[in-house]
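Working notes, structure below.
Chains as they are written, first to last, in my numbering: chain A, 93 to 532; chain B, 93 to 532.
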């Protein structure tokens with residue numbers, strides 16, 4: 093039994109449980125696989141995706157057609173697969189195969205005075221669940237990173253990409269030898285797709301405690317909140333953010349303007365894009381003219397929502413229709429995902445830190461300053477996954493940080509924080525070896 | 093404002109929020125304290141507890157009297173404080189002060205090709221919540237471990253120990269300089285006691301997301317389940333367990349009997365005590381006579397609930413009233429916390445592994461064997477926090493594993509697993525230092 097539709101008459105919880113049990117059973121075999129076996133499986137997956145490319149593209153065309161009809165607009169590009177994008181996906185699989193395998197690595201160890209040998213060994217989590225939206229490439233990414241770290245995976249993609257995801261998972265499972273006797277290699281059941289568009293399936297998935305070891309929701313704040321409310325399975329929250337940058341009194345204004353523009357405008361729809369700029373009062377008169385002019389040049393020009401002092405300083409440097417008074421209740425603490433920037437004025441670094449403490453979702457925060465002591469203080473005082481000094485906030489990314497891959501950017505404090513990849517998909521166990529020791 | 097009673101007219105959620113906000117504010121100052129400042133604070137706490145000993149003992153006498161009246165039985169000993177126990181508590185504070193401070197340690201770091209310096213630094217979690225039962229010494233332990241790792245702490249002790257806990261927290265806060273101008277040192281508000289016996293307070297505590305960073309329930313399965321059901325704050329589950337030991341075909345029978353007795357009988361009321369023994373069919377005839385005789389000698393003699401084959405083999409080696417037929421639905425998967433042992437027979441190591449996969453709460457599992465290859469296979473195949481070969485299951489303990497302390501034994505896979513102490517009370521952040529880098 094492979095992909096199965098919830099519509100076949102069984103209820104959501106029963107359907108999810110069946111898929112989760114298949115994944116759980118597969119995960120136990122997968123945990124015993126060697127690195128070579130896992131890498132060989134990744135190679136076969138890439139081949140199968142290559143071979144299935146025409147069918148995957150045909151399925152994607154159905155999703156694109158439905159997306160166009162539904163008026164998906166700018167999100168359509170994230171849904172689109174092309175020959176070239178499939179090449180990139182396959183190349184990325186090869187990159188993951190080349191990453192070091194974190195599993196079975198000794199983390200530490202010691203011999204106790206009574207002769208007990210105690211050590212911690214890294215092991216897979218077991219079954220990883222991923223809930224994501226309209227990006228079919230995540231189907232491959234998530235499956236490949238889970239398998240490389242020894243985990244089975246249960247995927248719940250967005251309904252917009254359901255045809256594409258089905259075709260991709262058929263290819264992946266064929267690569268894993270579905271139907272064939274696959275001996276001691278990675279079992280096909282290690283990759284499951286929840287083939288349903290029903291919210292009840294997502295809710296049941298989040299409550300599959302004991303069979304699913306962790307669920308990673310990848311999406312907006314609404315999805316994260318839904319997961320918080322419904323999950324009994326442990327969750328790694330990712331993605332939602334309100335990104336602040338603080339421009340200190342002592343700053344290279346030209347550099348700050350470059351950094352603000354890049355942080356805001358390079359891509360506005362991603363979680364590390366700047367939302368709120370906090371400016372030290374003393375630097376506002378020097379910063380505002382250059383910043384206003386620069387943001388006015390962006391395409392489209394950035395809408396600035398400025399507090400009283402910033403509004404006065406920016407007036408005349410941005411088109412009147414791109415400059416509005418800030419409403420704290422609406423604009424602070426908002427993830428815009430658009431060409432909108434909130435600008436507030438503060439009297440000190442600690443005031444900026446307090447503002448961030450109040451409104452941050454603890455993803456990425458930045459300080460732009462030439463004063464190293466102030467930067468250090470900011471980096472210690474701000475509680476967030478990534479605290480950046482004099483670089484664009486858009487650097488928060490697994491690839492940019494040198495992880496070689498990324499499954500998400502965790503905004504929680506437990507287990508993993510910030511960009512994470514293979515190591516975040518593992519846990520450890522204590523292995524104790526004795527010679528008959530009894531505890532006194 | 094220090095300890096405050098929920099009975100003062102405000103509702104549970106408002107009361108808990110007030111205490112959590114005080115702790116959150118204190119946590120931000122505490123995160124900036126140096127190791128020396130934190131250690132000095134621990135020293136002052138020990139002095140204050142010493143000085144307050146008469147008041148603490150008088151408060152404890154009230155709890156003991158109420159406990160006796162309520163028929164607490166064997167749990168009374170856990171509630172009791174004495175001069176000597178207070179000495180031990182103070183000595184333990186000194187031991188924690190001497191442990192290495194995990195905070196501000198660089199975990200790793202690299203310079204990216206674009207010149208960005210990216211590193212991960214260990215930081216406190218923020219505010220740690222602890223829910224525990226009738227052991228007032230936990231009040232000190234938890235507060236001291238939280239402070240040493242740079243966290244504020246909100247304590248919710250058992251109602252049985254409320255007088256003792258109040259007196260202890262008054263002493264701790266006095267040690268932290270409550271009322272005095274304490275400059276840059278650890279603020280007294282870093283330690284809060286939820287002074288209430290109301291279940292609604294516990295429920296509100298578990299939902300204080302954003303102000304409490306993690307809650308550690310220390311207690312039985314009922315408390316853990318309550319936390320799973322109500323928590324929106326991330327939880328580190330501790331303590332609940334069903335411990336298995338598997339006796340392999342190739343085994344030193346005399347050693348196995350010693351290990352089983354120690355695993356079961358050394359202390360029966362703790363989470364690492366043996367619950368279910370799985371015996372390879374081939375070794376049953378050799379093991380049963382010696383094991384039956386040994387368990388009959390325990391005080392009190394252990395009640396054995398044996399499956400059909402084990403029952404036949406054990407008959408005549410245990411008093412008739414200590415040997416009963418096993419009922420799988422009742423006895424497998426049960427944490428007995430008593431002089432009761434379930435004994436099942438299996439035909440192979442993998443059958444034992446499958447049994448454990450079905451019934452384990454993933455705390456501690458053991459194999460007793462002279463066959464190193466079988467031990468290795470068991471240790472890889474069994475998914476649990478601690479997998480022990482040829483030693484008592486009762487070794488699962490932070491002190492015994494060399495951690496120097498223990499705040500609990502995590503039975504979950506995320507963040508920490510098995511015994512944990514200071515490092516488990518920390519998270520990390522990414523610190524990025526640039527020179528104006530823009531992301532292409």
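Where a beta carbon is used, it is the ideal one built from N, C-alpha and C, also for glycine.
Does the Cβ of residue i have 16 or more other Cβ atoms within 10 Å, making it buried, or fewer, making it exposed?
i, result
"residue 156(A)", "buried"
"residue 180(A)", "exposed"
"residue 498(B)", "buried"
"residue 372(B)", "buried"
"residue 273(A)", "Since pLDDT at residue 273(A) reaches only 49, below the 50 mark, its modelled position is unreliable, and the value read off the structure follows with that caveat. Exposed, by the Cβ-count rule."
"residue 521(A)", "buried"
"residue 165(B)", "exposed"
"residue 400(A)", "exposed"
"residue 154(B)", "exposed"
"residue 353(A)", "buried"
Tell me which same chain residues have a C-beta within less than 8 angstroms of the C-beta of residue i, skipping the five on either side of it?
i, result
"residue 259(B)", "144, 147, 148, 150, 151 and 152"
"residue 323(B)", "298, 299 and 307"
"residue 411(A)", "388 and 393"
"residue 141(A)", "148, 178, 181, 182, 185, 232, 260, 263, 264 and 267"
"residue 212(A)", "198, 199, 200, 201, 520, 521, 522 and 523"
"residue 172(A)", "152 and 156"
Could you pull the DSSP bridge partners for residue i from this structure?
i, result
"residue 478(B)", "522(A) and 456(B)"
"residue 307(A)", "221(A) and 327(A)"
"residue 203(B)", "209(B)"
"residue 248(A)", "223(A)"
"residue 301(A)", "304(A)"
"residue 355(B)", "According to DSSP, residue 355(B) bridges with nothing at all."
"residue 416(A)", "397(A)"
"residue 500(B)", "512(B)"
"residue 438(B)", "372(B)"
"residue 215(A)", "519(A)"
When DSSP labels each residue in this structure, what does residue i get in the three-state scheme?
i, result
"residue 226(A)", "coil"
"residue 451(B)", "helix"
"residue 273(A)", "Because the pLDDT of residue 273(A) is 49, which lies under 50, any placement of that residue in the model is unreliable, and the question is left without a value."
"residue 262(A)", "helix"
"residue 411(A)", "coil"
"residue 372(A)", "strand"
"residue 391(B)", "coil"
"residue 194(B)", "coil"
"residue 284(B)", "strand"
"residue 431(A)", "coil"
"residue 509(A)", "coil"
"residue 256(B)", "helix"
"residue 529(A)", "strand"
"residue 336(A)", "strand"
"residue 162(A)", "coil"
"residue 366(B)", "strand"
"residue 102(A)", "coil"
"residue 95(A)", "Note that residue 95(A) scores a pLDDT of 42, beneath 50, so its modelled location is shaky; the value from the coordinates is reported in the next line. Three-state DSSP puts residue 95(A) in coil, outside helix and strand."
"residue 123(A)", "coil"
Closer than 7 angstroms by C-beta to residue i: which residues in its own chain qualify, once you throw out the five before and the five after it? Chain order, please.
i, result
"residue 439(A)", "373"
"residue 231(A)", "247, 249, 257, 260 and 261"
"residue 191(A)", "240, 496, 497 and 514"
Is residue i close to chain C? Criterion is C-beta to C-beta, closer than 8 angstroms.
i, result
"residue 208(B)", "You won't find chain C in this structure, because its protein chains are A and B."
Go through its chain and collect everything with a Cβ distance to residue i's Cβ below 6 angstroms, but skip five positions before and after it.
i, result
"residue 224(A)", "230, 249 and 310"
"residue 529(B)", "206 and 208"
"residue 416(A)", "397"
"residue 473(B)", "445"
"residue 533(B)", "There is simply no residue 533(B) to check, as chain B begins at 93 and stops at 532 in what is shown."
"residue 304(B)", "112, 219, 221 and 325"
Task: Cβ contact (3+ pairs, closer than 8 angstroms) linking the stretch 417 to 432 of chain B and the stretch 351 to 360 of chain B - done: yes
Open item on the list: Check whether the stretch 108 to 122 of chain B and the stretch 214 to 228 of chain B are in contact - that is, three or more C-beta pairs closer than 8 angstroms.
Closed with: Three or more Cβ pairs drawn from the stretch 108 to 122 of chain B and the stretch 214 to 228 of chain B lie within less than 8 angstroms of each other, which places the two stretches in contact.
- [ ] Determine, using beta-carbon pairs with one atom in the stretch 333 to 344 of chain B and one in the stretch 461 to 475 of chain B, whether at least three such pairs fall under 8 angstroms.
- [x] yes
Open item on the list: Check whether the stretch 236 to 243 of chain A and the stretch 499 to 518 of chain A touch, using three or more Cβ-Cβ pairs below 8 angstroms as the test.
Closed with: yes
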